[in-house]
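A quick write-up on the structure given underneath.
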Amino acid sequence: MDSDRTIPSLHPVDAATAGTGSGTDMTPELLAGLLADGDDELAAWALANALEQLPREQVYDGLLRDAMALIGARWRDGTWGIAEEHAATQALTRALDRIAPPRGPLLRVGPVALVAGVRDERHTMGLVCLAHVLEESGWSVVNLGGDEPADDLARFAAQMQPALVGLTASNPERAEAVAEAVRALRSVPLARPLTIMLGGRFSSDADAVAGLEVDWTGTSLVAAADFAAELAERLVAAGDAGPATEVF
Ligand code: B12
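Heads up: the sequence shown runs through residues 96 to 343, numbered per the working numbering.
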C-alpha cells in the first residue's frame with residue numbers, strides 16, 4: 096500500500112493555541128459545508144468558538160445567517176440539491192440545541208415571550224435564534240415554531256399572558272397572514288400592554304410592514320436584543336416581570 100496516499104495533508108498545529116477558540120477563522124463557506132454534510136457536531140463546535148469571540152446576536156446575524164444564505168444560493172444555482180438544504184436545516188437545529196443558553200430556574204421567572212411563525216410560514220431557524228437571544232437577557236420564551244394560525248395564537252396568548260410576541264415571516268406572500276396574526280393578538284385581553292416584534296425577510300420590505308400595528312420590525316437580532324433587553328428592564332423595574340400564569 097502507498098502509505099503517502101492514506102495520510103491526509105493537514106495544516107501543522109501550533110500547540111500553544113490548543114484549547115483556544117478560533118471563531119474568527121470560521122467562515123460562512125466552511126460552516127455552510129459542515130451543515131450541508133449534516134455535521135451538527137462540528138457545526139456546533141464552530142458556532143461555540145464564534146460565541147467565545149462575539150455576542151450571540153452578532154454570531155447569529157453574521158456567520159450563521161450568511162452560511163444559511165449560501166446554502167440557499169448553492170441550491171438555487173444547482174451546486175447542491177434539496178437534500179443538502181434539508182441536511183443543513185436538520186444539522187443547524189441540532190447544533191443550535193447544543194449551543195443554547197443554559198437553562199435554569201431563572202428562566203421560569205422572567206417576563207414571558209411567545210415566538211411564532213405566521214400561518215404557512217415554515218422558516219423557523221430565526222425563531223430559535225431569537226429565543227436564544229431573548230433567554231440570554233432573562234426572558235422566559237415559548238417557541239411555537241412555524242405555521243401558527245392567527246386565532247390559535249390569540250387563544251394561546253390569552254392563556255400565557257406574554258409581555259412580548261415575536262413573529263417571523265419570510266415571504267411577501269405572507270402579508271395577509273402577518274396582518275391576521277397582528278389583528279388577532281391586538282384583540283386579546285391582556286393584563287399588560289403587549290409588545291409585538293416582527294422579523295424575518297418579510298419585515299425588510301417597508302411597504303409590506305407599513306400600517307401594521309407592531310412595535311418593532313427588522314431583521315437584526317443585534318437591534319432586537321437591545322430593544323427586548325430594555326423592555327425586560329422596564330418590566331422588572333415596574334415589578335411586572337413574572338409570568339401571569341404557570342409557564343412550565
Ligand atoms: C432553510 C430554508 C428553507 C427550509 C426552512 C426549514 C426551517 N425549519 O426553517 C425549507 C426547506 C422548509 C424552506 C422552504 C421554502 N423556502 Co426557503 N430557505 C431556506 C434558506 C436556505 C435558509 C433560511 C434560514 O434558515 N436562514 C437562517 C436564519 C437564522 O436566518 P433568517 O430566517 O433570515 O432570520 C434571521 C433574521 O431575519 C432574524 N429574524 C428572523 N425572524 C425573526 C423574528 C423576529 C421577531 C426578530 C426580532 C428577528 C428575526 O433572525 C435571524 C438571524 O439574523 C433560505 C436562504 C436565505 N437566503 O436565507 C431560503 C429562502 C428563505 N426560502 C425561500 C423560498 C422561496 C422557500 C419556498 C417558497 C421554496 C418552495 N418553492 O417551496 C419554501 C416556503 C416554505 C414556507 N411555506 O414557508 C426564499 C425566500 C424568498 C422570498 N423572500 O420570497 C429564500 C430566501 C431562498 C431564495 N433566495 O430563493 N426553506
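Note that CB positions come from ideal geometry on N, CA and C, so glycine has one too.
Say yes only if the C-beta of residue i is nearer than 7 Å to one or more non-hydrogen atoms of the ligand B12, and no if none qualify.
i: leucine 63; result: Nothing about residue 63 can be reported from this structure: the residues present for the chain run from 96 to 343 only.
i: leucine 156; result: Position check: residue 156 holds aspartate in this sequence, whereas leucine was assumed. Yes, the ligand B12 has a heavy atom inside 7 Å of this Cβ.
i: glutamate 216; result: yes
i: serine 265; result: yes
i: threonine 290; result: no
i: glutamate 180; result: yes
i: threonine 314; result: yes
i: proline 160; result: According to the sequence as given, residue 160 is arginine; it is not proline. Yes - the ligand B12 has a heavy atom lying nearer than 7 Å to the Cβ of arginine 160.
i: alanine 319; result: yes
i: threonine 219; result: yes
i: leucine 146; result: no
i: alanine 143; result: no
i: threonine 122; result: no
i: glycine 199; result: no
i: methionine 163; result: yes
i: glycine 176; result: no
i: glycine 294; result: yes
i: arginine 329; result: no
i: arginine 189; result: no
i: leucine 262; result: yes
i: isoleucine 194; result: no
i: glycine 334; result: no
i: arginine 169; result: no
i: leucine 222; result: yes
i: leucine 225; result: yes
Buried or exposed for residue i, please, with buried defined as at least 16 other CB atoms from any protein chain shown within 10 angstroms of its CB.
i: threonine 188; result: exposed
i: arginine 217; result: exposed
i: serine 299; result: exposed
i: isoleucine 166; result: buried
i: glycine 205; result: buried
i: glycine 261; result: buried
i: glycine 295; result: buried
i: aspartate 120; result: exposed
i: glutamate 243; result: buried
i: alanine 162; result: buried
i: arginine 287; result: exposed
i: aspartate 156; result: buried
i: alanine 301; result: exposed
i: glutamate 230; result: buried
What number of angstroms, rounded off, separates the C-alpha of residue i from the C-alpha of residue j?
i: proline 267; j: alanine 164; result: 18 Å
i: leucine 142; j: aspartate 134; result: 12 Å
i: glutamine 60; j: alanine 211; result: The question about residue 60 has no answer here: the residues shown for the chain are numbered 96 through 343.
i: arginine 250; j: valine 283; result: 8 Å
i: arginine 281; j: methionine 292; result: 13 Å
i: tryptophan 175; j: leucine 126; result: 15 Å
i: alanine 168; j: alanine 258; result: 37 Å
i: glutamate 308; j: valine 317; result: 22 Å
i: valine 331; j: glycine 233; result: 10 Å
i: asparagine 238; j: proline 196; result: 15 Å
i: threonine 122; j: glutamine 153; result: 14 Å
i: leucine 191; j: glycine 241; result: 17 Å
i: glycine 306; j: alanine 245; result: 18 Å
i: alanine 327; j: glycine 173; result: 45 Å
i: proline 150; j: threonine 312; result: 21 Å
i: valine 223; j: valine 277; result: 20 Å
i: valine 213; j: threonine 290; result: 16 Å
i: alanine 131; j: alanine 186; result: 8 Å
* Asked: Can you list, in chain order, the stretches of the alpha helix (DSSP H) that have 4 or more residues and sit fully within the region 189 to 239?
  -> 220 to 231
* Length at least 4, wholly inside the region 226 to 312: the alpha helix (DSSP H) runs in chain order -> 245 to 255, 270 to 281 and 301 to 304
* To do: Just list the alpha helix (DSSP H) runs in the region 126 to 197, keeping only unbroken ones of 4 residues or longer that don't cross its boundaries, in chain order.
  => 135 to 148, 151 to 154, 160 to 171 and 177 to 193
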